[in-house]
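Residue numbers (this note's numbering): 36 to 181.
Cβ coordinates follow ideal geometry from the N, Cα and C atoms, glycine included.
Heads up: the structure comes next, in structure tokens.
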DNA sequence: CTACGCTCAGATA
DNA sequence: TATCTGAGCGTAG
């Protein structure tokens, strides 16, 4: 089993040795996804026997519950901060956002599929009309959920 | 302990 | 409709 840590994705420094063809497989997956192919990235990288070291990235119990639920939100599906709250039995909607804000695997851990009750909501730490939010809207539109 | 935040429902105009 | 308020609560520092 092979693990990838968040900083590995910068392709600058590897904590674990990763084969070159695995990297190109990963790149192709993401290219396919961004070009509109209906692939669920999290499942696909599991198919490549790549497993994210989630427990290293999210320390608290609360955060792990949020992420555990989120990785089961598949391509084209949608959830909301309050819906996640319902599942994990918490009303800390903003705290859920604070967890997702530190998601080291955007696209793969699909925090773009978490919408605000009224509107789209923030993405990658931003709540205003920055490029991050436009990307979130783009992804949702691509998955036909806007 | 404090202050903050990818939220929400309700109030107000 | 749009904008404002306070409740709510987990977390980093």
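{"Asked": "Residue 134: first and last residue of the uninterrupted alpha helix (DSSP H) it sits in", "Found": "128-136"}
{"Asked": "Sufficient close CB pairs (3 or more, under 8 Å) joining the segment 90-108 to the segment 137-157", "Found": "yes"}
{"Asked": "Residue 157, buried or exposed, once every other Cβ within 10 Å from all chains shown has been counted against 16", "Found": "buried"}
{"Asked": "Through-space distance from residue 124 to residue 65, alpha-carbon basis", "Found": "33 Å"}
{"Asked": "Counted within 10 angstroms of its Cβ, other Cβ atoms place residue 75 as buried (16 or more) or exposed", "Found": "buried"}
{"Asked": "Beta strand (DSSP E) segment containing residue 86, residue limits", "Found": "85-87"}
{"Asked": "Under the three-state DSSP convention, the category residue 122 falls into", "Found": "helix"}
{"Asked": "Endpoints, the alpha helix (DSSP H) within which residue 106 is located", "Found": "Counting along the chain, residue 106 falls outside any alpha helix (DSSP H), and DSSP gives it neither H nor E."}
{"Asked": "Residue 76, enclosing alpha helix (DSSP H) - first and last residue", "Found": "76-82"}
{"Asked": "Simplified DSSP state of residue 70, which is helix, strand or coil", "Found": "coil"}
{"Asked": "Option nearest residue 86 by Cα separation, candidates 61, 104, 69, 70", "Found": "61"}
{"Asked": "Backbone secondary structure at residue 94 - three-state DSSP", "Found": "coil"}
{"Asked": "Cβ-heavy atom distance, residue 143 to the ligand SAH, below 7 Å", "Found": "Ligands in the displayed structure: none, and consequently the ligand SAH is not present."}
{"Asked": "CB contact flag (residue 150, residue 115, <8 Å)", "Found": "yes"}
{"Asked": "Whole-angstrom C-beta distance between residue 129 and residue 120, which should lie under 8 Å", "Found": "With a Cβ gap of about 10 Å, residue 120 and residue 129 do not count as contacting."}
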